[in-house]
Amino acid sequence: MSNVLISPDEIRDRFSKAMSQMYQQEVPQYGTLLQIVKETNAAYLNRHPNTFTADLEVSERNRLDVERHGAIRLGTAAELATMKDLFAVMGMSPVGYYDLSAAGVPVHSTAFRPVDEASLLLNPFRVFTSLLRLELIDNADLRDTARRILEQREIFSPRVRELIEQAQQAGGLTTNQADDFVSEALKTFRWHSEAQVNLETYNALLAHHRLIADVVCFKGPHINHLTPRTLDIDHVQRIMPDYGITPKEVIEGPPRRQVPILLRQTSFKALSEQIRFTDDETGKHTARFGEIEQRGLALTPKGRALYDQLLLAASASGNAQDNDSHQRHIEAAFADFPDDKEALRAKQLGYFRYRLTPGATIPEHNVSRDNLEDLIHARVVTFEPIVYEDFLPVSAAGIFQSNLGSDKGAVSSGNPNQAAFEAALGRAVINEFSLYAAIEEASLQSIFGD
Ligand code: OOG
Ligand code: NI
Numbered sequence: 064m065s066n067v068l069i070s071p072d073e074i075r076d077r078f079s080k081a082m083s084q085m086y087q088q089e090v091p092q093y094g095t096l097l098q099i100v101k102e103t104n105a106a107y108l109n110r111h112p113n114t115f116t117a118d119l120e121v122s123e124r125n126r127l128d129v130e131r132h133g134a135i136r137l138g139t140a141a142e143l144a145t146m147k148d149l150f151a152v153m154g155m156s157p158v159g160y161y162d163l164s165a166a167g168v169p170v171h172s173t174a175f176r177p178v179d180e181a182s183l184l185l186n187p188f189r190v191f192t193s194l195l196r197l198e199l200i201d202n203a204d205l206r207d208t209a210r211r212i213l214e215q216r217e218i219f220s221p222r223v224r225e226l227i228e229q230a231q232q233a234g235g236l237t238t239n240q241a242d243d244f245v246s247e248a249l250k251t252f253r254w255h256s257e258a259q260v261n262l263e264t265y266n267a268l269l270a271h272h273r274l275i276a277d278v279v280c281f282k283g284p285h286i287n288h289l290t291p292r293t294l295d296i297d298h299v300q301r302i303m304p305d306y307g308i309t310p311k312e313v314i315e316g317p318p319r320r321q322v323p324i325l326l327r328q329t330s331f332k333a334l335s336e337q338i339r340f341t342d343d344e345t346g347k348h349t350a351r352f353g354e355i356e357q358r359g360l361a362l363t364p365k366g367r368a369l370y371d372q373l374l375l376a377a378s379a380s381g382n383a384q385d386n387d388s389h390q391r392h393i394e395a396a397f398a399d400f401p402d403d404k405e406a407l408r409a410k411q412l413g414y415f416r417y418r419l420t421p422g423a424t425i426p427e428h429n430v431s432r433d434n435l436e437d438l439i440h441a442r443v444v445t446f447e448p449i450v451y452e453d454f455l456p457v458s459a460a461g462i463f464q465s466n467l468g469s470d471k472g473a474v475s476s477g478n479p480n481q482a483a484f485e486a487a488l489g490r491a492v493i494n495e496f497s498l499y500a501a502i503e504e505a506s507l508q509s510i511f512g513d
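Numbering (the numbering used here), first residue to last: 64 to 513.
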């Protein structure tokens, strides 16, 4: 048996593929969605053969094939802290802080994901991970019941805990240990059709907020969706009904553009699934759904502020019910957001990766960042959008609500509390902007060497 340690990237790649297999078996519509996305992307790449720069074509296409994100909802600080250690084995770090309480969802969240360029290119698998905020439930009895139930559950197998420790001590896992890790870790994310409460408790929690029932009543934090990445979300939204899948009414996020920005998302409604309760009663629970996303340029804080401002203005001036009117409405609202690479860069609205044009060289006396604009003008240096790898809180709230119903009443919309989230997590979350800035900076260094 080999003692050679394999890379965390390799473990993540195996895990994300195993997770996708499991979810295809659990939720067959997800398999259909994968098929639609695959065909749509292939057709798009045929029509737009220059989507990727030539030297990265093979890796970028591979990335697109394996790319997906998932989401889980945890119940306690201890679960979140161990989850952080589990994801660390796969080279995934907590990036960003998302406050969903503003939208009436009693959770706050982070995204576990790879952070460096090579790891992202190999497999950018991410998991949007939410922690229930019991302190936002304004019924003391229900809060105590929920806390008691959560405290007695164990969502990690003893073996996965051993393997996490093994990886921490040895600095990684061997190929066999990694296989063991993947199958043990997967158990935490699988679906349980047997609840850990009786029907009455389930109904009481459900009546308060669907999300609370979903987190508290089950033996584990079932993966609630997996999301492949498409290059043409408008097309997928249009054809989903042809495959018997009913999409959510509108695509969340920015409008369709020449230079896509951030993230556009749509989902299909959660399945109604049969549950057996501890008193042998049966019932239905809706939690698991499917989603697709299209990703674009990562925005700077300045670009993001403009995005937030335009989105807010758009929602203040009315919300369309059907997607076509919503898209027209949001397109009009975003008319002032520059839509070509040059303007986005000149106004410092987005992050870009700079490269020397293949075959070009910079005369030695010109190798200085001071000459960047001239070199771009002379097409010696080119630049491409850096892809947004994170999430959007308003869109996330829209996704939550389309599956939970928008019952906001029972939860006091609390304040963001990043400090409490980080205390539970056991470390600080990484600021997403710093990661994009570092990728941009590294690309400049590779040209100018300083
Ligand atoms: C997570 C919803 C957020 C996204 O893509 O914005 C999300 C959840 O429903 O648990 O996955
Ligand atoms: Ni999602």
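Glycine included, C-beta positions come from ideal geometry on N, C-alpha and C.
Proximity test, residue i beta-carbon vs the ligand NI heavy atom, cut-off 7 Å
i: Glu452; result: no
i: His132; result: yes
i: Glu228; result: no
i: Phe191; result: yes
i: Glu263; result: no
i: Glu427; result: no
i: Glu354; result: yes
Residue i CB to nearest heavy atom of the ligand OOG below 7 Å
i: Gln357; result: no
i: Ser378; result: no
i: Phe463; result: yes
i: Arg273; result: no
i: Asn540; result: Any question about residue 540 goes unanswered here, given that the chain covers just 64 to 513.
i: Ala459; result: yes
i: Gln300; result: no
Closer than 7 Å: residue i CB and nearest the ligand NAP heavy atom
i: Thr290; result: Ligands in the displayed structure: the ligand OOG and the ligand NI; the ligand NAP is not one of them.
For residue i, the three-state DSSP class (helix, strand or coil)
i: Ala337; result: Looking at the sequence shown, residue 337 is not Ala but Gln. Of the three classes helix, strand and coil, the one that applies to Gln337 here is strand, per DSSP.
i: Arg131; result: strand
i: Ala487; result: helix
i: Ser83; result: helix
i: Ser246; result: helix
i: Ser193; result: strand
i: Glu94; result: A small fix is needed here, since residue 94 is Gly in this sequence, not Glu. Reduced to three states, the DSSP call for Gly94 is helix.
i: Gly472; result: Caution applies to Gly472, whose pLDDT of 46 falls short of 50 and renders its modelled position unreliable; the value that the coordinates give is listed next. Coil.
i: Lys311; result: coil
i: Thr238; result: helix
i: Asp76; result: helix
i: Tyr417; result: strand
i: Ser172; result: strand
i: Ser388; result: helix
i: Pro448; result: strand
i: His271; result: helix
i: Ser330; result: strand
i: Val278; result: helix
Alpha carbon of residue i to alpha carbon of residue j, nearest angstrom
i: Phe496; j: Ile324; result: 15 Å
i: Phe124; j: Asp297; result: Note that residue 124 is Arg in the sequence shown, not Phe. Arg124 and Asp297: Cα-Cα distance of roughly 20 Å.
i: Thr349; j: Val279; result: 14 Å
i: Leu184; j: Arg210; result: 40 Å
i: Thr329; j: Pro310; result: 7 Å
i: Asp72; j: Ala383; result: 42 Å
i: Ser431; j: Gln508; result: 10 Å
i: Ala441; j: Tyr370; result: 31 Å
i: Lys410; j: Leu360; result: 14 Å
i: Leu199; j: Tyr451; result: 31 Å
i: Tyr265; j: Val67; result: 48 Å
i: Leu108; j: Glu120; result: 11 Å
i: Met303; j: Val90; result: 16 Å
i: His132; j: Glu427; result: 44 Å
i: Gly366; j: Gln372; result: 10 Å
i: Ser465; j: Lys332; result: 7 Å
i: Ala406; j: Leu97; result: 35 Å
i: Tyr306; j: Ser378; result: 31 Å
i: Gln88; j: Ile425; result: 54 Å
i: Leu205; j: Ile275; result: 10 Å
i: Val299; j: Ile308; result: 11 Å
i: Ile439; j: Val322; result: 19 Å
i: Asp513; j: Asp433; result: 12 Å
i: Lys282; j: Ala105; result: 39 Å
Expected contact under 8 Å - CB spacing of residue i and residue j to nearest Å
i: Arg301; j: Gly316; result: The pair is not a contact, with the Cβ atoms about 17 Å apart (cut-off 8 Å).
i: Ala487; j: Ala140; result: 3 Å
i: Pro157; j: Thr145; result: So it is not a contact: roughly 13 Å between Cβ atoms.
i: His288; j: Gly353; result: 6 Å
i: Arg408; j: Ser506; result: At roughly 13 Å, the Cβ-Cβ gap does not stay under 8 Å, so Arg408 and Ser506 are not in contact.
i: Ile449; j: Glu394; result: Incorrect: roughly 24 Å between the Cβ atoms, too far for contact.
Below-8 Å beta-carbon distance, residue i vs any chain B residue
i: Asp201; result: No chain B is present in this structure, which holds just one protein chain.
Cβ pair count under 8 Å reaching 3, the region 131-150 against the region 210-219: yes
Would you call the region 97-115 in contact with the region 172-188, where contact means no fewer than 3 C-beta pairs closer than 8 Å? no
Check whether the region 236-256 touches the region 71-86, counting contact only when three or more Cβ pairs, one atom from each stretch, lie closer than 8 Å. yes
At a cut of 8 Å, does the region 248-261 reach the region 333-348 through at least three beta carbon pairs? yes
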